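Following: one structure in structure tokens, then a few remarks.
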Amino acid sequence: MLKIVTLPFNERTEEFEQGKLERILGNVQIVKYQAELVKIEGKYYWTAFVEYEKVENIDKNLEKNNFLQNGRDIDIKEVNKNHEEYLSEEEAELYKILKEWRAGEAQILGYPPYIVASNQLLVDIIKANPTNVEELSQIRGMGKRKVRDYGEELLLILENFYDMKS
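Under the working numbering, the first residue of the sequence shown carries the number 30, and numbering increases by one thereafter.
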């Protein structure tokens, strides 16, 4: 399996967010990797291309990683694999629209789409349904730069989508 992991440089701590890499690759055996330092809009990111094999591991604390969805117990890791499965029909439609918007932004800027917004961030935006910049900025992953660069446009997409639905 292949995974691309991008770690932002945290200027406050002056290091890359190593914990993210450990969470993502915690249950795998790395076969080989290649890392590159990239600079996007004056910010540094460490991007690693990782080839790995999944390691079977029984999580004794699995109950801590579960939540209820429609009355059934679901592993959070399962949710993160397929975001659309846990969205309502209307939310899935909005998710598709946001992914198309993200692809367009990424193409214009020359970035990979996940730099503009991860799938999880798009889902979080849909679930939070912010109506103003303040609410949008409270969503994990919507830092000052993303709010500044994409905030008004995202809010307009949400507003137009729900206006069309009502």
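Quick reminder that beta carbons are idealized off the backbone N, C-alpha and C, glycines included.
Since the model is a prediction, treat every value here as computed from it, not as a measurement.
Close-in-space but distant-in-sequence residues of the same chain around residue i (CB under 6 Å, 5 per side omitted)
i, result
"alanine 77", "Val34, Tyr62 and Ala64"
"arginine 101", "Residue placement at arginine 101 is poorly supported in this model, since its pLDDT is 47, which falls under 50; the coordinates are not used for a value here."
"tyrosine 74", "Thr35, Pro37 and Val67"
Environment of residue i [buried if 16+ CB atoms lie within 10 Å]
i, result
"methionine 30", "exposed"
"tyrosine 179", "buried"
"methionine 171", "buried"
"leucine 66", "exposed"
Which residues DSSP lists as bridging residue i, in chain order
i, result
"threonine 76", "Thr35 and Glu65"
"tyrosine 81", "Ile59"
Cβ pair residue i, residue j closer than 8 Å
i, j, result
"arginine 131", "proline 141", "no"
"asparagine 56", "valine 84", "yes"
"proline 37", "lysine 68", "no"
"valine 176", "leucine 185", "no"
"valine 145", "glutamate 129", "no"
"isoleucine 126", "phenylalanine 190", "yes"
Own chain, CB closer than 7 Å to residue i, minus 5 neighbours either side, in chain order
i, result
"tyrosine 81", "Met30, Lys32, Leu54, Val57, Gln58, Ile59 and Val60"
"glutamate 46", "Leu36, Pro37 and Asn39"
Own chain partners of residue i with C-beta closer than 8 Å, once the 5 adjacent residues on each side are dropped
i, result
"glutamine 167", "Ala157 and Pro159"
"lysine 49", "Val34 and Leu36"
"glutamate 70", "Arg174"
"glutamate 188", "Thr160"
"glutamate 182", "Trp130"
Inset, instruction - Please determine if the stretch 114 to 134 and the stretch 150 to 157 are in contact, where contact requires at least 3 C-beta pairs separated by less than 8 Å. - result: yes
Inset, instruction - Would you be able to state if there are at least three C-beta pairs under 8 Å between the stretch 120 to 131 and the stretch 155 to 168? - result: yes
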